[in-house]
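A.B. asks: In short: position in the sequence shown from 1, add 83, done, that's the numbering used here. Idealized CB from N, CA, C, for every residue including glycine. Pasting a structure here, questions to come.
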Amino acid sequence: MIWTVYLSGEIHTNWREQIQEGAEAANLPVEFLAPVTDHDASDAAGDVLGKPDVPFWRDHQSSKVNSIRTKTMIEQCDLAVIRFGDKYKQWNAAFDAGYCAALGTPYITLHSEDIVHPLKEVDAAAMAWAQTPDQVVEVLKYVITAR
C-alpha cells in the first residue's frame with residue numbers, strides 16, 4: 084500500500100523537504116501532497132477570474148480557488164501533517180486540522196512547545212504531536228511498517 088500524506092501549514096521553512104527526505108531515506112511507500120506554497124501565487128489564485136478592487140474580495144476569491152486543491156487533497160489523504168510555525172498565525176492550518184477532524188482523517192500536529200496552549204483544541208483531536216520533522220518521520224515509519 085502506498086500512503087498518501089498531506090503536508091499542511093507553515094510555508095516559510097523547509098520542514099516539508101525534511102519529512103520527504105526522511106521518508107525517502109527510510110524507503111517508506113509514501114506519496115506527499117501539499118497546498119500551493121508560493122505565497123504570492125496563492126494570494127493571486129483567483130485573479131484569473133478578475134481582480135476585485137476590494138482586498139477582502141480578492142482574498143475571498145483566491146481562498147475559494149485554493150480550497151479546490153486543499154479540500155480535494157485532504158479528502159484523498161490517508162494522514163495529514165499540520166505544521167504551525169512560531170512566526171505567523173496560521174489560521175488556514177487550523178482550518179485544515181478541523182477539516183481533517185470532521186472527516187475523521189488522522190493528523191499529526193507539528194509545532195514547538197511554546198504554542199501548545201493556543202493549539203490545545205487542535206492538538207486534542209490530533210493522533211500525535213511532534214516537535215520536529217524527524218519525529219514525524221519516526222511516526223510514519225511505525226504506522227507504515229509496524230516497526
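If contacts are defined as beta-carbon pairs under 8 Å, then residue 70 and residue 165 qualify, I think. What distance do you get, rounded to the angstrom?
C.D. replies: For residue 70 there is no data in the structure shown, the boundaries of the chain being 84 and 230.
A.B. asks: Looking at C-alpha atoms only, which residue of 203, 228 and 191 is the closest neighbour of residue 214?
C.D. replies: Answer by Cα proximity: 191.
A.B. asks: Of the residues 152, 151, 156 and 129, which one's Cα is nearest the Cα of residue 143?
C.D. replies: Closest option to residue 143, Cα to Cα, is 129.
A.B. asks: For residue 216, collect the residues of the same chain with a Cβ closer than 6 Å to its Cβ; drop the 5 residues on either side in sequence, then sort them by chain order.
C.D. replies: If we look at residue 216 and ignore the five residues flanking it on each side, its Cβ neighbours are 98, 101 and 102.
A.B. asks: Please report how far the alpha carbon of residue 219 lies from the alpha carbon of residue 159, in whole angstroms.
C.D. replies: Cα to Cα, the separation comes out at about 20 Å.
A.B. asks: How would you label residue 187, buried or exposed, when you count the other beta carbons within 10 angstroms and need 16 or more for buried?
C.D. replies: Residue 187 is exposed by the Cβ-count criterion.
A.B. asks: What residue does the beta strand (DSSP E) around residue 163 start on, and which one ends it?
C.D. replies: Per DSSP, residue 163 belongs to the beta strand (DSSP E) from 162 to 166.
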